[in-house]
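Protein chains in written order, with our numbering: chain L, 1 to 415; chain D, 1 to 415; chain P, 1 to 415; chain W, 1 to 415.
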């Protein structure tokens, strides 16, 4: 968290849960008119808070800028190389530090001009918020890969990745920051300008499938309803006779409701998830991994015994969880376990900010779905088709980046 | 956790999450043939681990006994007074220390005899496990208020409050410990004896309603199915026209599925619960309390706007959560919010181990349910009738303690 | 820490440093008229705060007593056995719990009578402070093995083991609690009574040698001056030619000053102790133990090279530190290293509260001091004689317990 | 700590004690051939580990350099400004980041050339150690303001600020890194080169007075003996009649021994320091500050009552501690308290790395020492003269920076 108060821009960063990094007494002692926060699930074992956002750059007169960024640049290597040649040093290898470097270099021309100039240099996905001593400015890349919304809370403006965050703090949703738009908060309210001629929208379609919270609204569409709609459309693709539909807790709930409703089948909450257990830790042995998952999920035997069940999840990336759920349901006595995935096969890597495994770990690389079903232990495996997803999001598929499903990447990929 | 190894009975106790009190490296360094564990949600701000179970009593030759106890004695005051007269000192005011004192006094006659003698003295609810240097013994009070099950994991026997705990560690369910039964684990397997003539079963019916995990089986009945059945039976008691059924996440899920299925109404997961937030902390001001709840729950507006919705929960004790959910759904645009409770009104205090507020805080004390609905902010309020619950558990209501709903307490209440 | 305020006797206990167990904000939120604190270096790996003092015993009406105790009872086993026969359970094996049990049993006769009755039963060493709802009372065993002093801070009375503690909080020293005396704090000030006919004073002489802080005054004698005097008297017992006197930091400082002054030799602070390192941890290998000590102590080579040095310490118990200091001084180039111990050989176990190793670990068991010097690596080894110590404390040796040096135990040792 | 192992340069940084930042199990899991560590007492309330050294700069191919630096550059502002103009961003305002930036810019020419080029640009004080994938190199500014020594431990080379650090890890002292010298560790041992024509030595004389540990040797002179010598020379400057000499614990010990020896007066350890208390925290009120100091120091009354005492300290900067010690000794009954400072008055600010208060907080700004003595509460105040210190360090005062005492700054001060 970086904040701008009487002493200029200061920050508090650490690894850990939000409530331990920012204890109530610390939070309540901060006096600031502008605050920038960032939270991220650390995927690597990095042993330092240095990489945590917001990144802050200081000038020698104690002024500075602070930047929070969601997304991934695609010309990182070229820019990194160029800046190194110019003598720039880097404390991280993150692309956010590159974004920060250009913004800082141009900052004397004013933040808005600095953002415009930077947008001409960097490529890829960025939904970002920056502040200096004077101003808070939000901006989004010309294709709008990652979402960014504006809310109002009393007299204050709030920027966030999702509308659910606005609801949480009690802010009213105003509108989205448009692709390529630069929105500055000033004494007279918001001031909008555009950084570059737009080159076509490319909102990440995987936000609807997986990332966003179901209670968020993106591009005017409810994430919950998109997921439920894909679940309904899945109904027409399943040939197996089924006795009930079971959601994968909790990622498959919306789609399972859609599927059960359309198939007129009972929906049963047949796998209990222990809410006190976190993610499945990387345990050293297979026996320990099995135990970790068994500690987390437990099927209700009497419901599934001798039944033909569909288990529904939102997506299939590595396939770890569904593999386990399938095995648990079978050992609980299910006669058949049909796996239904409410999105197309995830087959291509993302360069715009989804932290997804390298290609070789993707379950859907095996395009023979019958064989894949056997590998997973399922009686059958059904994916949604791309058109199901396009239909659910409004039949406007050219407005989305669908690269992870289609392999069609928008724009130039200069890596 | 108390364990019996080469150095006799030792223990590790502290306040905090299981994984911080028992780190992996500590757990894996323990060598013991018998282990007793206990976990409890601390309801009071007690600043010491002294009250944590298992309680351990030592003899001067380093032998001892360790006891874990679920339930509440009803003649605590009389026994406490008697023991104090005899010179006994107490480090806690818990009834478990009374149970421990008698068991320790009689331990030289062997654990089984000590338990039998103690059962003649103490009254009330106790499902307990005790160990000394030699033996592990489980026992249950003659009315069987609180559940206690036996499982097998390889060659080892496992005792637990619920079958879900057996599933979690991969143990197979063998059977329940019977009311009044004493089950000792010995070299030749289990040895069973009975402590007292039974005076009629009185299993706590609130275990089905609220306490137990939905994936547990008690008395041969699935908790999930009992709750879903009550939800189905509620259908006949609701007169309002409804557009959809919404579960209170996650306590109302089973009943909401039953209700929606019977009413042939859409079930919608219309209130999102933030899984990263714990219980609603006691915040100093009403504004902070509101914020705390808004941080935790968020309705999906597009689903409920202008709709007549039923929100389903398992029980109504204080009514805090449903009050908030009702308000959130209304401000999200719901036309009507009908509150459906899948159990009868909770009206009478429990003396057998349910940690429930004093009578004056019980919402259902107001027997005018129309007025209570107004207080809560609901369009209507429907409770299950006691016979719905009796039907769901098998029409065998004399086998249960229903005191909290009926006011009929089993046995003598010597307080 | 136990305190007596509006809610009766409450307590906070934990393992750890004082400032982490009692953070400033916790301390400042306590409202109480009487507070009992206790701090002890935990010598065993006990994994719980249960054993921490003050011990608190509760009655069922929420009243209780709290007890802090310094010393050791000598008839523990007999009393423990007797109480067990009577049905008493114990949560610890400490003798403080026995003291608490009797005080609690008799408490209805008033605290002062309860103490008197308890004093007739227990034997050994106890300097203790007890409080109930009404009163704070200090008492000391009839022989006065362990010290206990009274101070005044404004209108409040303060009891402590040492006068240094009174200085620290700014209290004025009033007087000592006499052997066998019971001192109650009441509305009219202190009220004194005696519990038993005195059987002769036996103040632990090792308090002067090792336990007490040098800035404390016990029995009217400055601990610093007692130690310095023994150092001076050592001068006449050393036959070796010496170039300088070096204190063992910091335990040998007072005696080294006395020795150097009398011998008219330079005193040099030739061994630096790293103040940032705590005690020498029990390291798994000898190489790690050596490293741990080298991290803590460092000799100043230029001072000791080719010199005949005396290294002075207050006592020789296990001999670990002097063994290391001797080796470090030799490897720093000292020609001779003469070890001078400012107390007689510690040869006999203590039953009155000194936590000292079993006999077999005592260095001075080897009564051939020439051979012991070789074992330790010293050029010679000189102990003070008992009469040096008696002279230093005022030639009144029948007023002290000298058992650890003389083997003469005061009173009956009923073990 | 940065280390160079199989995965290139990695680091672990955090705020806190060494043993909590680097737990034993973490340390023992590191496999590296080169390690760079840095520890510093954090003087500011910085809320992040970002500023902690070693600083690490990464290249995009995952190679990098790590730098640990002791001292202060004097042309920081000019260089900072110049680099900002060139587009460089800074995450800190420390001069170490400037040093790192130039070293990184030139690193492709090899570390030794990069250091030489950087030495032509930066001015001021730097004793530093740098490593890249290949090499470990130590270097020291041409005037040698701050010390840097080389040791050998088995086959490994060790660089440290002080010889005491070599002793601690069991390394043998080889020699100092010379002013202006660059020492690279290579497969054939050390390789030395010089970066710049030397402009005269200027070793910080305050290292002898205050910074270094007494068991260190700098420039061939024992720090302990330098301090003791100044104490001896102080003897001729004191006119008061004295009964005893008391060291300020522990900073005045060496000088007090020298003074007492020369004056043939008793040395008494008359102020006890509580080893369990850390530095005097900045407490909100004067009453709390008094309590904090009283908790830390306690005079031995019987020693000082009615006596004329000298209290000796190494230096007088702010004067906080001696002010308190003087008051404590007076209230313990001392007839006169004469304050003796074993260094000249500290009057001028340091630009080479001593973290000393701004001029207005320096006690010795008041050049009327009689008046200053009154302010401090002392009966008299005696400083060493500069020539005492020069004599103690070998009468070679042109080899030292004496700016803080003399106001004569070596070299150009380009700020």
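All C-beta atoms, glycine included, are put in the ideal place defined by N, C-alpha and C.
Decide if residue i is buried, meaning its Cβ has at least 16 other Cβ atoms within 10 Å, or exposed.
i: residue 24 of chain W; result: exposed
i: residue 164 of chain P; result: buried
i: residue 7 of chain L; result: exposed
i: residue 189 of chain W; result: exposed
i: residue 228 of chain P; result: buried
Cα separation between residue i and residue j?
i: residue 31 of chain P; j: residue 66 of chain P; result: 17 Å
i: residue 272 of chain D; j: residue 131 of chain L; result: 32 Å
i: residue 336 of chain D; j: residue 107 of chain L; result: 54 Å
i: residue 253 of chain W; j: residue 342 of chain W; result: 11 Å
i: residue 124 of chain P; j: residue 75 of chain P; result: 7 Å
i: residue 116 of chain W; j: residue 93 of chain W; result: 23 Å
i: residue 311 of chain L; j: residue 249 of chain D; result: 20 Å
i: residue 346 of chain D; j: residue 316 of chain D; result: 7 Å
i: residue 2 of chain L; j: residue 212 of chain P; result: 51 Å
i: residue 86 of chain P; j: residue 99 of chain D; result: 16 Å
i: residue 184 of chain D; j: residue 68 of chain P; result: 41 Å
Would residue i pass as an interface residue toward chain W - the criterion being a Cβ-Cβ separation below 8 Å?
i: residue 104 of chain L; result: yes
i: residue 84 of chain L; result: yes
i: residue 215 of chain P; result: yes
i: residue 74 of chain L; result: no
i: residue 324 of chain P; result: no
Quick one: is residue i near chain D, going by C-beta distance under 8 Å?
i: residue 51 of chain L; result: no
i: residue 270 of chain P; result: no
i: residue 225 of chain L; result: yes
i: residue 212 of chain L; result: no
Taking Cβ positions only, does residue i come closer than 8 Å to chain P?
i: residue 298 of chain W; result: yes
i: residue 331 of chain W; result: no
Establish whether the CB of residue i and some CB of chain L are separated by less than 8 Å.
i: residue 58 of chain W; result: yes
i: residue 137 of chain D; result: no
i: residue 267 of chain D; result: yes
Q: Output, in sequence order along the chain, the residues in the region 166-189 of chain D whose CB is closer than 7 Å to any CB in chain L.
A: 167, 168, 170
Q. Using a Cβ cut-off of 9 Å, which residues of the region 86-99 of chain W contact any Cβ in chain L, in chain order?
A. 86, 87, 88, 89, 90, 91, 92, 93, 97
Q: Identify every run of the alpha helix (DSSP H) within the region 198-273 of chain D, keeping only runs that are complete inside it and at least 4 residues long; order them along the chain.
A: 223-234, 253-263
**Q.** Residues, ordered as in the chain, of the region 117-130 of chain D that lie near chain L by beta-carbon distance below 7 Å
**A.** none
Q) Can you list, in chain order, the stretches of the alpha helix (DSSP H) that have 4 or more residues and sit fully within the region 103-181 of chain L? A) 111-121, 163-169
Q: With a floor of 4 residues, list each alpha helix (DSSP H) that falls wholly inside the region 309-368 of chain P, ordered by position along the chain.
A: 320-331
Q: Would you list, in chain order, the members of the region 20-41 of chain P that have their beta-carbon closer than 7 Å to a beta-carbon of chain D?
A: none
Q: Could you name the residues of the region 238-259 of chain P whose beta carbon sits closer than 7 Å to any beta carbon of chain W, in the order they occur along the chain?
A: 253, 254, 257
(Q) Threshold first: 4 residues or longer. Then list the alpha helix (DSSP H) segments lying entirely within the region 5-47 of chain W, N to C. (A) 18-21, 24-29
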